[in-house]
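These notes are about the structure you will find just below.
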Amino acid sequence: MQVFLDQVWTARWPLWDGFLLTIEIAAAAIACGTVLGCIVGIQLVFAPTLVRFPFRVYVDVMRGTPLLVLILAAFYIPSVAGLNLSATQAGILALTLFAGAHIGELLRGSLQAIPPGQAEAARSIGLTFPQMLAYVLLPQALRSALPPWINTGVELIKGSSLLSMIGVGELLLKTQEVIGRTFMTIEFYVFAGCLYLITNILLDQVGKTVERYAGGRS
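Converting from the sequence shown to our numbering requires adding 571 to each position, the first position being numbered 1.
Structure (structure tokens):
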């Protein structure tokens, strides 16, 4: 154990840099994916059929495609089209598209679960459609979508480990580099797994706190 702790201390800065990059990538993907998901969810519920169709296709394709395939596609396809994305940018793009599809579907279900009388009451007092969305429908939909949104965030943190396949220096890749130097395979994989677990538990607790706060405000 002492030898392992010594190696952890020696490799503390590479592991810390990898851990921070994992958090940064996941946070960026969650933020961008939430914005994209809100747009997608609203279009799936309120847009005309012709406008809704491409969003429906996007959601079905993204949700039906393995995340690793999305990551590889985001890394290789833009270069073919002449866009030079770094591995980190490609990873964020893939995770954003993945999150946007899942959050869009969550929001669609939450919006459709709101009783029609809510929208009718909003129209009756003269609210425009954007006002009805902002003040009546979205607050209720987002509150009910919060628990599965937290689960999506957890999936993004875990899914970010796949970015090591395209050379992103996140936690898993840094762990593999340390293993290649120390040959302490099991110990460092367990250590990395514990970091992922702790991060996801903390995110889950934050989500529950926000959910309780939002429930108290409802």
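Backbone N, C-alpha and C define an ideal beta-carbon position, used for all residues, glycine too. All figures in this text were calculated on a predicted structure; none of them were measured in a lab.
Between which residues of its own chain and residue i is the CB-CB distance below 7 Å, once the five residues before and five after are set aside?
i: residue 688; result: none
Where do the N-terminal and C-terminal ends of the alpha helix (DSSP H) with residue i fall, by residue?
i: residue 707; result: No alpha helix (DSSP H) holds residue 707; DSSP gives it neither H nor E.
i: residue 618; result: First-last for residue 618: undefined, no H or E at that position.
i: residue 661; result: 658-683
i: residue 687; result: 687-695
i: residue 644; result: 638-651
i: residue 746; result: 742-753
i: residue 576; result: 573-581
Whose C-beta lies closer than 6 Å to the C-beta of residue i among residues of the same chain, with five residues either side of it excluded?
i: residue 607; result: 671
i: residue 676; result: 630
i: residue 762; result: none
i: residue 759; result: 746, 749 and 750
i: residue 658; result: 737, 738 and 739
Use the C-beta contact count for residue i: other C-beta atoms within 10 angstroms, 16 or more gives buried, fewer gives exposed.
i: residue 620; result: exposed
i: residue 709; result: buried
i: residue 721; result: buried
i: residue 638; result: buried
i: residue 716; result: buried
i: residue 700; result: exposed
i: residue 705; result: exposed
i: residue 572; result: exposed
i: residue 652; result: exposed
i: residue 624; result: exposed
With distances taken between CB atoms, is the gap from residue i to residue j smaller than 9 Å?
i: residue 724; j: residue 597; result: yes
i: residue 674; j: residue 609; result: yes
i: residue 575; j: residue 755; result: yes
i: residue 611; j: residue 679; result: yes
Can you give the beta carbon distance from residue i to residue j, rounded, assuming they're within the 8 Å contact cut?
i: residue 682; j: residue 712; result: 5 Å
i: residue 740; j: residue 592; result: 6 Å
i: residue 613; j: residue 736; result: Contact doesn't hold; Cβ gap of about 33 Å is too wide.
i: residue 666; j: residue 618; result: Going by Cβ atoms, the distance from residue 666 to residue 618 rounds to 25 Å, so no, they are not a contact pair.
Between residue i and the rest of its own chain, which residues show a CB-CB distance below 8 Å, the 5 nearest in sequence each way excluded?
i: residue 771; result: 725, 728 and 729
i: residue 650; result: 656
i: residue 602; result: none
i: residue 774; result: 721, 724, 725 and 728
i: residue 588; result: 740 and 745
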